[in-house]
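Peer 1:
There are 2 protein chains.
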Amino acid sequence: MNVLIVHAHPEPQSFTAALRDQAVETFRAQGHQVQVSDLYAMGWNPVASADDFTQRENPEYLVYALEQRQGVKRGAIAADIQQELDKLLWADLLVLNFPIFWFSAPAMLKGWIDRVLVSGVCYGGKRFYDQGGLAGKRALVTVTLGGREHMFGDGAIHGPLEDMLRPILRGTLAYVGFEVLPPFVAWHVPYISAAARQDFLQQYRQRLEQLSDDQPLVFPRLAQFDEALYPLT
Amino acid sequence: MNVLIVHAHPEPQSFTAALRDQAVETFRAQGHQVQVSDLYAMGWNPVASADDFTQRENPEYLVYALEQRQGVKRGAIAADIQQELDKLLWADLLVLNFPIFWFSAPAMLKGWIDRVLVSGVCYGGKRFYDQGGLAGKRALVTVTLGGREHMFGDGAIHGPLEDMLRPILRGTLAYVGFEVLPPFVAWHVPYISAAARQDFLQQYRQRLEQLSDDQPLVFPRLAQFDEALYPLT
Numbered sequence: 001m002n003v004l005i006v007h008a009h010p011e012p013q014s015f016t017a018a019l020r021d022q023a024v025e026t027f028r029a030q031g032h033q034v035q036v037s038d039l040y041a042m043g044w045n046p047v048a049s050a051d052d053f054t055q056r057e058n059p060e061y062l063v064y065a066l067e068q069r070q071g072v073k074r075g076a077i078a079a080d081i082q083q084e085l086d087k088l089l090w091a092d093l094l095v096l097n098f099p100i101f102w103f104s105a106p107a108m109l110k111g112w113i114d115r116v117l118v119s120g121v122c123y124g125g126k127r128f129y130d131q132g133g134l135a136g137k138r139a140l141v142t143v144t145l146g147g148r149e150h151m152f153g154d155g156a157i158h159g160p161l162e163d164m165l166r167p168i169l170r171g172t173l174a175y176v177g178f179e180v181l182p183p184f185v186a187w188h189v190p191y192i193s194a195a196a197r198q199d200f201l202q203q204y205r206q207r208l209e210q211l212s213d214d215q216p217l218v219f220p221r222l223a224q225f226d227e228a229l230y231p232l233t
Numbered sequence: 001m002n003v004l005i006v007h008a009h010p011e012p013q014s015f016t017a018a019l020r021d022q023a024v025e026t027f028r029a030q031g032h033q034v035q036v037s038d039l040y041a042m043g044w045n046p047v048a049s050a051d052d053f054t055q056r057e058n059p060e061y062l063v064y065a066l067e068q069r070q071g072v073k074r075g076a077i078a079a080d081i082q083q084e085l086d087k088l089l090w091a092d093l094l095v096l097n098f099p100i101f102w103f104s105a106p107a108m109l110k111g112w113i114d115r116v117l118v119s120g121v122c123y124g125g126k127r128f129y130d131q132g133g134l135a136g137k138r139a140l141v142t143v144t145l146g147g148r149e150h151m152f153g154d155g156a157i158h159g160p161l162e163d164m165l166r167p168i169l170r171g172t173l174a175y176v177g178f179e180v181l182p183p184f185v186a187w188h189v190p191y192i193s194a195a196a197r198q199d200f201l202q203q204y205r206q207r208l209e210q211l212s213d214d215q216p217l218v219f220p221r222l223a224q225f226d227e228a229l230y231p232l233t
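Protein chains in written order, with full-length UniProt numbering: chain A, 1 to 233; chain B, 1 to 233.
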């Protein structure tokens with residue numbers, strides 16, 4: 001299996017980085033191929049802009065998705081995007097590894113999503129959800145956060161974490177066709193002991209060793225909707 | 001009323017920019033003060049990092065929220081952040097004006113949220129939701145998107161748009177204390193006629209003229225939870 005880990009944390013010694021390293025080690029020990037995109041270390045540019053295209057379909061007016069579609073066809077997409085796209089297409093499993101900032105991904109990682117999941121390859125027209133361009137691949141979201149587990153869930157103060165992560169789990173990963181596995185969550189990280197952190201690392205290793213047993217989350221399938229995307233009853 | 005419009009779109013001539021201009025004009029015609037942060041035009045840096053602090057509480061290990069708390073107290077926070085924070089504190093109404101990228105904000109705007117909503121001022125300890133640091137202010141999210149209205153809502157292919165926007169509406173704006181108004185949404189924008197766009201601009205003007213009548217969305221209040229943030233029954 002080919003694994004791409006996309007990691008985004010502003011502190012190189014973070015516990016989130018330890019989770020990244022645990023994943024690399026565990027996957028390699030199982031004989032998988034692993035690539036890591038460490039966005040902060042790479043100085044990744046998260047800003048989607050006209051500069052992402054060396055040639056423009058319409059130089060007067062930027063429709064970003066349209067330029068992505070044309071750009072990737074004619075090799076006119078920025079080199080840093082093409083590199084990440086190549087890794088993504090190579091991967092059987094994508095791991096997004098990040099600390100929760102505002103109940104979502106840090107801008108650094110959001111900008112990887114904005115720029116790398118190009119229209120025309122990852123989605124387009126009726127190619128989304130189970131028909132998405134990356135169908136057949138799996139994705140795992142691995143997050144650290146400050147909150148405690150009891151602050152999330154039905155009736156809890158922040159509601160279910162998976163509801164907060166909906167734009168990523170459903171609106172992004174499932175949208176482009178990934179089978180999305182339940183997220184791995186390390187709770188209350190800034191406040192816990194070194195031993196508690198070791199426990200999370202060990203839980204993570206065990207989870208990754210048995211990842212093939214995981215049941216993906218359930219999302220809409222296009223066959224449930226008509227041509228105009230109204231629900232079939 | 002003081003209004004801050006934070007605008008993020010990679011195309012200066014976009015319809016999203018026309019909505020921004022409509023808002024500026026409508027608010028000024030009502031006698032309100034308006035400031036605009038046009039993040040692409042400003043070359044805003046969306047990446048939260050150690051560079052955001054001229055002095056560090058802990059130079060060995062970055063805990064971003066902790067450095068925000070200390071940095072804003074001792075004037076050691078980057079000038080571009082402090083400027084935006086000053087505008088935010090000045091504002092009675094915050095308008096986030098953006099195109100939906102992946103069912104959420106473009107990285108450019110996410111990075112404004114990551115960097116400007118500083119811990120210690122906007123939230124901290126038990127100061128969140130109705131007790132948040134920005135309580136007493138209102139916020140409006142104004143978005144453009146490619147999808148059609150019937151693709152959103154209960155039973156629709158993408159579910160309710162407000163569920164997709166939950167990390168922004170609830171996890172960010174409500175979290176720091178804003179009264180969050182129902183979003184203004186311009187649907188299917190890349191595909192509609194100039195006349196249909198004019199209709200959206202006019203609907204937007206009318207909405208903004210009567211904004212004081214708007215009922216905010218309902219979110220948790222801290223009084224519904226105990227000291228450890230377990231729900232009171």
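Ideal Cβ placement from N, Cα and C applies to all residues, glycine included.
Remember, it's a predicted structure, so these values are computed and weren't measured experimentally.
Cutting at 6 angstroms between CB atoms, please list the residues of its own chain near E179 (chain B), excluding the five before and the five after it.
Peer 2: Within the second sequence, residue 179 (chain B) is the residue found at index 179, counting from 1. Hits under 6 angstroms: R138, P216.
Peer 1: Of all the CB atoms in chain A, is at least one closer than 8 angstroms to the CB of Y191 (chain B)?
Peer 2: Counting from one through the second sequence, the residue named residue 191 (chain B) turns up at place 191. No, its Cβ sits nowhere closer than 8 angstroms to a Cβ of chain A.
Peer 1: By how many angstroms is the C-alpha of E25 (chain A) removed from the C-alpha of V34 (chain A)?
Peer 2: By 1-based counting over the first sequence, the position of residue 34 (chain A) is 34. By 1-based counting over the first sequence, the position of residue 25 (chain A) is 25. Spanning the two alpha carbons is a distance of roughly 9 angstroms.
Peer 1: With a 10 Å radius around its C-beta and 16 neighbouring C-beta atoms as the bar for buried, classify W44 (chain B) as buried or exposed.
Peer 2: Residue mapping note: residue 44 (chain B) aligns to position 44 of the second sequence, counting from 1. Flag for W44 (chain B) reads buried.
Peer 1: Excluding five sequence neighbours on each side, which residues of the same chain lie with their C-beta closer than 6 angstroms to the C-beta of C122 (chain A)?
Peer 2: Within the first sequence, residue 122 (chain A) is the residue found at index 122, counting from 1. G133, L134, V176.
Peer 1: Have a look at residue 268 (chain B) and P46 (chain B) and give me their C-alpha separation to the nearest angstrom.
Peer 2: Examination of residue 268 (chain B) is not possible in this model, given that chain B is present from 1 through 233 alone.
Peer 1: Determine whether the Cβ of residue 235 (chain B) lies closer than 8 angstroms to any Cβ atom of chain A.
Peer 2: Given a span of 1 to 233 for chain B in the structure shown, any question on residue 235 (chain B) remains unanswerable.
Peer 1: Let's see if you can read the secondary structure: which residues bound the alpha helix (DSSP H) around D80 (chain B)?
Peer 2: Along the second sequence, read from residue 1 onward, the residue named residue 80 (chain B) stands at position 80. Unbroken alpha helix (DSSP H) run through D80 (chain B): 79 to 90.
Peer 1: What residues in the segment 127 to 157 of chain A bring their beta carbon closer than 8 angstroms to a beta carbon of chain B?
Peer 2: The segment 127 to 157 of chain A vs chain B, Cβ under 8 angstroms: Y129, G146, R148, H150, M151, G155, A156, I157.
Peer 1: Please report the residue range of the alpha helix (DSSP H) in which A107 (chain A) lies.
Peer 2: The sequence position of residue 107 (chain A) within the first sequence is 107, counting from 1. Per DSSP, A107 (chain A) belongs to the alpha helix (DSSP H) from 107 to 116.
Peer 1: Please classify D92 (chain B) as buried or exposed, where buried requires at least 16 other C-beta atoms within 10 Å of its C-beta.
Peer 2: Within the second sequence, the letter at position 92 stands for residue 92 (chain B). With fewer than 16 other Cβ atoms within 10 Å, it is exposed.
Peer 1: Smallest Cα separation from P190 (chain A): which of A:F152, A:T16, A:R56, A:P183?
Peer 2: As a working note, residue 190 (chain A) is residue 190 in the first sequence. Among A:F152, A:T16, A:R56, A:P183, the Cα nearest to that of P190 (chain A) belongs to A:T16.
Peer 1: Between A:A186, A:D226, A:I113, which lies nearest to V143 (chain A) when the distance is taken from Cα to Cα?
Peer 2: For the purposes of this step, residue 143 (chain A) is taken as residue 143 along the first sequence, with counting starting at 1. For the residues A:A186, A:D226, A:I113, the minimum Cα distance to V143 (chain A) belongs to A:A186.
Peer 1: In chain B, what lies closer than 7 angstroms to L62 (chain A) by C-beta?
Peer 2: As a working note, residue 62 (chain A) is residue 62 in the first sequence. Per Cβ cutoff of 7 angstroms: P10, E11.
Peer 1: Leaving out five residues before and five after H150 (chain B) in sequence, what residues of the same chain have Cβ atoms less than 8 angstroms from its Cβ?
Peer 2: For this step, residue 150 (chain B) is matched to residue 150 along the second sequence. Excluding positions up to five away in sequence, the list reads A156.
Peer 1: Within this structure, are the beta carbons of S104 (chain B) and I168 (chain B) separated by less than 8 angstroms?
Peer 2: Counted from its first residue, the second sequence places residue 104 (chain B) at position 104. Counted from its first residue, the second sequence places residue 168 (chain B) at position 168. Going by C-beta atoms, S104 (chain B) is nearer than 8 angstroms to I168 (chain B).
Peer 1: Taking the straight line between their C-alpha atoms, what separation do you get for T97 (chain B) and G31 (chain B)?
Peer 2: Here residue 97 (chain B) refers to the residue found at position 97 when the second sequence is read from its first residue. Here residue 31 (chain B) refers to the residue found at position 31 when the second sequence is read from its first residue. Residue identity check: residue 97 (chain B) is Asn in the sequence provided, not Thr. Going from the Cα of N97 (chain B) to the Cα of G31 (chain B) covers about 21 angstroms.
Peer 1: Of the choices B:V6, B:Q22, B:M1, whose alpha-carbon is the least far from that of D199 (chain B)?
Peer 2: Sequence index remark: in the second sequence, residue 199 (chain B) carries index 199 (1-based). D199 (chain B) has its Cα closest to that of B:Q22, out of B:V6, B:Q22, B:M1.
Peer 1: Alpha carbon to alpha carbon, how far is P231 (chain A) from D214 (chain B)? Give it in angstroms, no decimals.
Peer 2: Sequence index remark: in the second sequence, residue 214 (chain B) carries index 214 (1-based). Sequence index remark: in the first sequence, residue 231 (chain A) carries index 231 (1-based). So the alpha carbons of these two residues sit roughly 31 angstroms apart.
Peer 1: Determine the DSSP secondary structure at A186 (chain A), reduced to helix, strand or coil.
Peer 2: Residue numbering aside, residue 186 (chain A) sits at position 186 when the first sequence is read from its first letter. Strand at A186 (chain A).
Peer 1: Along the chain, where does the alpha helix (DSSP H) containing T26 (chain B) start, and where does it finish?
Peer 2: Against the second sequence, residue 26 (chain B) aligns to sequence position 26. Start and end: 15 to 29.
Peer 1: Report yes if the C-beta distance between L145 (chain A) and V116 (chain A) is below 8 angstroms; otherwise report no.
Peer 2: Your numbering for residue 145 (chain A) matches position 145 in the first sequence. Your numbering for residue 116 (chain A) matches position 116 in the first sequence. Cβ distance not < 8 angstroms, so L145 (chain A) and V116 (chain A) don't count as in contact.
Peer 1: Can you tell me whether DSSP reads A139 (chain B) as helix, strand or coil?
Peer 2: Against the second sequence, residue 139 (chain B) aligns to sequence position 139. Correct three-state label for A139 (chain B): strand.
Peer 1: Which residues, in chain order, does the segment 33 to 53 of chain B contribute to contact with chain A at a C-beta distance below 8 angstroms?
Peer 2: Residues passing the 8 angstroms Cβ filter: Y40, P46, V47, A48, S49, A50.
Peer 1: Start and end of the beta strand (DSSP E) containing V3 (chain B)?
Peer 2: Taking the first residue of the second sequence as 1, we reach residue 3 (chain B) at position 3. Where V3 (chain B) is concerned, the enclosing beta strand (DSSP E) stretches over 2 to 7.
Peer 1: Inspect the beta-carbon positions of L222 (chain B) and Q131 (chain B) and report whether they are closer than 8 angstroms.
Peer 2: Taking the second sequence and counting its residues from 1, the one referred to as residue 222 (chain B) is at position 222. Taking the second sequence and counting its residues from 1, the one referred to as residue 131 (chain B) is at position 131. In contact: L222 (chain B) and Q131 (chain B) (Cβ atoms closer than 8 angstroms).
Peer 1: Just curious, the beta strand (DSSP E) that F98 (chain A) is in, first and last residue?
Peer 2: As a position in the first sequence, residue 98 (chain A) is number 98, starting the count at 1. That run of the beta strand (DSSP E) goes 93 to 99.
Peer 1: As a quick exercise: from A:H7, A:T233, A:L229, pick the residue whose alpha carbon is nearest that of G125 (chain A).
Peer 2: Your numbering for residue 125 (chain A) matches position 125 in the first sequence. Among A:H7, A:T233, A:L229, the Cα nearest to that of G125 (chain A) is on A:L229.
Peer 1: Of all the residues that make up the segment 82 to 116 of chain B, which are near chain A by a beta-carbon distance shorter than 7 angstroms?
Peer 2: Answer set for the segment 82 to 116 of chain B: F101, W102, F103, S104, P106, A107, M108, K110, G111, I113, D114.
Peer 1: Within the continuous beta strand (DSSP E) that includes V38 (chain B), where are the two ends?
Peer 2: For the purposes of this step, residue 38 (chain B) is identified with residue 38 of the second sequence, where counting begins at 1. Correcting the residue type first, residue 38 (chain B) is Asp in the shown sequence and not Val. Run containing D38 (chain B): 33 to 38, per the beta strand (DSSP E) assignment.
Peer 1: In the DSSP output, what is G125 (chain A) paired with across the bridge?
Peer 2: For this step, residue 125 (chain A) is matched to residue 125 along the first sequence. Paired residues: none, contrary to the question.
Peer 1: Between the C-alpha atoms of Q68 (chain B) and F53 (chain B), what's the straight-line distance to the nearest angstrom?
Peer 2: Residue 68 (chain B) sits at position 68 when you count from the first residue of the second sequence. Residue 53 (chain B) sits at position 53 when you count from the first residue of the second sequence. Computed Cα separation, rounded: 8 angstroms.
Peer 1: Can you find a C-beta in chain B that's less than 8 angstroms from the C-beta of L229 (chain A)?
Peer 2: Along the first sequence, read from residue 1 onward, the residue named residue 229 (chain A) stands at position 229. Closer than 8 angstroms: yes.
Peer 1: Count the other CB atoms within 10 Å of the CB of W90 (chain A); is the residue buried (16 or more) or exposed (fewer)?
Peer 2: Here the question's residue 90 (chain A) lines up with position 90 in the first sequence. By the 10 Å Cβ count, W90 (chain A) comes out exposed.
Peer 1: To the nearest angstrom, report how far apart A48 (chain A) and R56 (chain A) are at their CA atoms.
Peer 2: One-based indexing of the first sequence puts residue 48 (chain A) at position 48. One-based indexing of the first sequence puts residue 56 (chain A) at position 56. Taking the straight line joining both Cα atoms gives about 14 angstroms.
Peer 1: Taking only beta carbons into account, state which residues of the segment 156 to 181 of chain A come closer than 9 angstroms to chain B, listed in chain order.
Peer 2: Per Cβ criterion, the list reads A156, I157, H158, G159, D163, M164, L165, R166, P167, I168, R170, G171, T172, Y175.
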